[in-house]
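In our numbering, the protein residues as written are 2 to 406.
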């Protein structure tokens with residue numbers, strides 16, 4: 002005979018079962034939290050492999066912890082396993098679709114893999130869900146900078162320094178963008194602000210020196226390049242630019258010493274070869290200068306200035322055919338280079354390519370209507386081919402422009 006349990010007995014058993022399940026779940030959650038904390042400690046100490054092991058154990062106990070996936074992704078990124086990190090960020094975002102930090106860190110992983118469009122999307126999302134996320138603006142600016150979208154980069158860096166005025170790197174990078182945009186004084190202001198926050202940044206002194214150099218303030222540029230060197234910069238460019246400043250100040254010996262130092266640091270620095278070539282030209286060491294210009298072009302085949310200087314030397318040596326070919330390359334790189342059209346016209350004139358030379362003089366004047374040398378040379382050529390009336394007009398115009406200067 003079966004005995005039917007009393008209702009109170011059944012209720013007690015149900016309550017006991019529910020309590021046991023609740024305690025079991027609570028214990029599991031506590032264990033998962035324990036492993037998560039251990040993983041976070043290892044992550045903070047850059048012990049990435051151990052961190053991953055603890056996060057694995059925590060996730061095995063609680064597979065719905067979005068932060069655990071995100072943190073494991075950070076550990077994997079720390080080991081350079083960006084693709085695996087992205088998979089963890091994806092899981093975190095499935096569980097927490099508005100997690101600004103998960104988007105941000107996934108963006109960093111994409112950026113590290115040079116997937117700029119994907120990185121840009123993730124930084125957009127991070128900012129969308131956290132409009133005050135200063136570091137997301139900063140990194141989105143880096144992407145825009147690499148894309149040469151300088152206005153967007155400038156906007157994001159404005160936001161970054163507004164939200165975090167103590168970010169010296171953001172001030173420095175905003176200065177770099179402003180320098181590229183020709184806003185040299187504003188760039189100097191940003192570099193100075195960054196140096197107030199951290200006054201031993203060699204790169205910031207170097208960058209501010211570039212802006213002073215661009216303004217023609219060589220004394221201040223020299224001070225900043227000296228500071229950059231004092232704070233142990235590893236840039237060969239600092240010596241190359243300091244050499245240029247010394248050259249402008251008449252210190253040829255000091256300039257050549259700096260170019261040599263730049264090339265000792267980086268034997269493949271085209272700027273140092275180019276600048277040394279210019280200095281050697283000043284001291285009438287043309288053949289040595291030519292070797293430096295050739296080396297600069299070898300390292301950077303699109304080095305407009307070096308190609309132009311090589312073309313000048315070829316013209317001076319009467320090697321007009323070679324000169325034309327070199328100025329062709331300069332003009333292909335920069336169709337607004339009036340001097341290149343003038344010099345190509347001179348070389349063509351030397352080859353008796355009169356009609357083609359006249360067209361180049363015309364183009365030089367079209368680019369720069371105040372270019373008295375182009376009027377003078379065109380007038381001289383017209384005089385030589387017998388176009389006396391037009392020659393007189395050009396020579397008169399050249400004289401007026403030269404007197405006006």
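We put the beta carbon where it would ideally sit given N, CA and C, even for glycine.
When C-alpha distances from residue 321 are compared across 141, 344 and 224, the shortest belongs to 344. Contact between the segment 302–319 and the segment 274–287 is present: three or more C-beta pairs spanning the two stretches fall below 8 Å. C-alpha of residue 59 to C-alpha of residue 170: approximately 36 Å in a straight line. By the criterion of at least three beta-carbon pairs nearer than 8 Å, the segment 348–357 is not in contact with the segment 329–336. About 16 Å separates the Cβ atoms of residue 356 and residue 380, ruling out a contact at the 8 Å cut-off. Excluding sequence positions up to five before and after residue 206, its CB lies within less than 6 Å of the CB of 225, 228 and 229, all in the same chain and listed in chain order. Within the segment 285–326, the runs of alpha helix (DSSP H) at least 4 residues long that lie entirely inside it are, in chain order, 287–300 and 305–317.
Put simply, of 183, 164 and 189 the residue whose alpha carbon is nearest the alpha carbon of residue 173 is 189.
For the 8 Å CB-CB criterion, residue 55 and residue 74 do not form a contact.
In the DSSP assignment, residue 47 falls outside any alpha helix (DSSP H), carrying neither H nor E. When DSSP states are grouped into helix, strand and coil, residue 106 belongs to the helix group. The beta carbon of residue 247 lies closer than 6 Å to those of 255 and 256 in the same chain, with the five residues before and after it left out. Distance between residue 369 and residue 387, taken at the CA atoms: about 26 Å. In the displayed model, residue 271 falls within a helix according to three-state DSSP. The DSSP-derived three-state label of residue 175 is helix. For residue 185, the closest of 167, 123, 212 and 87 by C-alpha to C-alpha distance is 212. Contact between residue 71 and residue 104 does not hold, since the beta-carbon distance rounds to 10 Å and is not under 8 Å. Selection 154, 78, 109 and 232 evaluated against residue 127 yields 109 as nearest (Cα-Cα). Excluding sequence positions up to five before and after residue 146, its CB lies within less than 6 Å of the CB of 154, all in the same chain and listed in chain order. Taking a 10 Å sphere around the C-beta of residue 378, we find 16 or more other C-beta atoms and assign the residue as buried.
DSSP, reduced to helix, strand and coil, places residue 79 within a helical segment of the structure shown. With contacts defined as CB atoms closer than 8 Å, residue 37 and residue 69 qualify as a contacting pair. The alpha-carbon separation between residue 175 and residue 134 amounts to approximately 17 Å.
Its Cα nearest to that of residue 249, the residue 283 stands out among 264, 283 and 239. Take residue 260, set aside five residues on each side of it, and the residues of its chain with a beta-carbon closer than 6 Å to its own are 244, 273, 276 and 277, in chain order.
A residue is called buried once 16 or more other Cβ atoms fall within 10 Å of its Cβ, and residue 140 is buried on that count. DSSP places residue 234 outside both helix and strand once states are collapsed to three, so it counts as coil.
In this structure, residue 258 and residue 237 do not form a Cβ contact; the two beta carbons are roughly 14 Å apart against a cut-off of 8 Å. Straight across, the Cα-Cα distance linking residue 64 with residue 240 is about 56 Å. For residue 269, the closest C-alpha among the options 299, 291 and 287 is that of 299. With 16 or more other Cβ atoms from the protein chains shown falling within 10 Å of its own Cβ, residue 202 counts as buried. Sequence-distant Cβ neighbours of residue 303 in its own chain, meaning closer than 8 Å and more than five residues away, are 334. Going by DSSP, residue 114 is part of no alpha helix (DSSP H) at all; its letter is neither H nor E. Around the CB of residue 179, 16 or more other CB atoms lie within 10 Å, so the residue is classed as buried.
Residue 242 counts as buried, since no fewer than 16 other beta carbons sit within 10 angstroms of its beta carbon.
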